[in-house]
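A.B. asks: Just dropping this structure here.
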Amino acid sequence: MSKDRLRLRYLLKRKYRVAPLLRVQNQLATWFDERFGQQLYQRQQRQCEQLLKQVFGYRLAQLAVSPRHSLLDKLQPSHKFILSRAHDGAACQCEFEALPLPSDTIDIVLLHHVLDFSSHPHGALIEAARLVTAGGHIVIIGFNPLSPFGLYKWLGVIFSDKAVWRHNSLRRGRVVDWLQLLGFQVAGDVAIASVEKLEATVTWQQKLSTQYFSRGAFYIIVAQKMVTPLRPIRTRSWSPIKPGSLVGLKQVQARDSCHQNLGIEK
Numbered sequence: 000m001s002k003d004r005l006r007l008r009y010l011l012k013r014k015y016r017v018a019p020l021l022r023v024q025n026q027l028a029t030w031f032d033e034r035f036g037q038q039l040y041q042r043q044q045r046q047c048e049q050l051l052k053q054v055f056g057y058r059l060a061q062l063a064v065s066p067r068h069s070l071l072d073k074l075q076p077s078h079k080f081i082l083s084r085a086h087d088g089a090a091c092q093c094e095f096e097a098l099p100l101p102s103d104t105i106d107i108v109l110l111h112h113v114l115d116f117s118s119h120p121h122g123a124l125i126e127a128a129r130l131v132t133a134g135g136h137i138v139i140i141g142f143n144p145l146s147p148f149g150l151y152k153w154l155g156v157i158f159s160d161k162a163v164w165r166h167n168s169l170r171r172g173r174v175v176d177w178l179q180l181l182g183f184q185v186a187g188d189v190a191i192a193s194v195e196k197l198e199a200t201v202t203w204q205q206k207l208s209t210q211y212f213s214r215g216a217f218y219i220i221v222a223q224k225m226v227t228p229l230r231p232i233r234t235r236s237w238s239p240i241k242p243g244s245l246v247g248l249k250q251v252q253a254r255d256s257c258h259q260n261l262g263i264e265k
């Protein structure tokens, strides 16, 4: 392969690479506040409320790419909190691939586009699954790569600097396969057809564009933890503190602070 082709391949790979969430979280929050993002977010709220009406549990955690956009407000569990990569109002700031919580402690774990914007989506899913109690549920919201919105990503990255276009293209079927290997059974899912109704002040060109791009733009998967996974989930152990290690002390203090904020016993 020639040097020019190698360089082009490198540049394209770099262009489409998912940016670190800590760096783009504010940009994603801004996108969800814009017209199109806000409409998708509101539809996701309604669908989550409907899908989880019959799902019971005491603890519910949302792993969020934008803590300002909570999906927990109208859900039943009394103990609800948000985890995010950057603080921005979340109960705890952490890495999604290394969550500072004990295994089998959360009844419902909701991943709001976390797999879309994770550098290691499979690892993030394994870590989220570790938290779910036996019989508990995991809820995944992701962009549909086969929708007009998902397909436009390949052009959006070239013509726009918006972080929303630099996301993983994860088909629903692929995510379901991962869940099954982790011992989950899909209990319900939905692919959104379109945004319901637009304001009267919106022009017909804007209506056409929004309705077209929102068609099947995201999916929601609800899965229940049923059995021991085919691939065992390793229980995370915390490194012991070395004498005089200030870094280790800060890590343990941060973990204990998270447990206290979330009401989870060590």
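According to numbering that gives the first Met the number 0, the sequence shown holds residues 0 to 265 in order. A virtual CB, placed ideally from N, CA and C, is assigned to each residue, including glycine. Since we're looking at a predicted model, the values are computed, not measured.
Quick check: what's the CA-CA separation for Y218 versus Q46?
C.D. replies: 10 Å
A.B. asks: Among L71, P99 and K73, which one has its Cα closest to the Cα of R84?
C.D. replies: P99
A.B. asks: Exposed or buried, G149, counting other C-beta atoms within 10 Å across all chains shown (16 or more means buried)?
C.D. replies: Under the 10 Å beta carbon count, G149 is surrounded by 16 or more other beta carbons and is classified as buried.
A.B. asks: What residues in its chain sit with their C-beta under 8 Å from that of T324, if we drop five residues either side in the sequence?
C.D. replies: Outside the displayed range of the chain (0 to 265) lies residue 324, so it cannot be described from this structure.
A.B. asks: Figure out for me which residue from F116, K79, S77 and G88 has the closest Cα to the Cα of E96.
C.D. replies: F116
A.B. asks: Specify the secondary structure class of R58 as computed by DSSP and reduced to three states.
C.D. replies: It is a strand residue.
A.B. asks: Let me confirm a value: G266 is counted as buried when at least 16 other C-beta atoms fall within 10 Å, else exposed. Which label applies?
C.D. replies: A query on residue 266 cannot be resolved here, the shown segment of the chain reaching from 0 to 265 and no further.
A.B. asks: Go ahead and label K2 buried or exposed: buried means 16 or more other beta carbons lie within 10 angstroms of its beta carbon, across all protein chains shown.
C.D. replies: exposed
A.B. asks: Mapping DSSP to helix, strand and coil, what is Q43?
C.D. replies: helix
A.B. asks: For K52, does the count of other Cβ atoms within 10 angstroms reach 16, so buried, or fall short, so exposed?
C.D. replies: K52 should be labelled exposed.
A.B. asks: Tell me the DSSP secondary structure of D106 in three-state form.
C.D. replies: In the displayed model, D106 falls within a strand according to three-state DSSP.
A.B. asks: Rounding to the nearest angstrom, what Cα-Cα distance links V113 and G141 in this structure?
C.D. replies: 8 Å
A.B. asks: Note down the Cα distance separating L82 from W153, rounded to an integer number of angstroms.
C.D. replies: 29 Å
A.B. asks: Between V156, Q92, C93 and L110, which has its C-alpha nearest L70's C-alpha?
C.D. replies: L110
A.B. asks: What does DSSP give as the partner residues of F217 in its beta bridges?
C.D. replies: F142
A.B. asks: For H166, name the three-state secondary structure that DSSP assigns.
C.D. replies: coil
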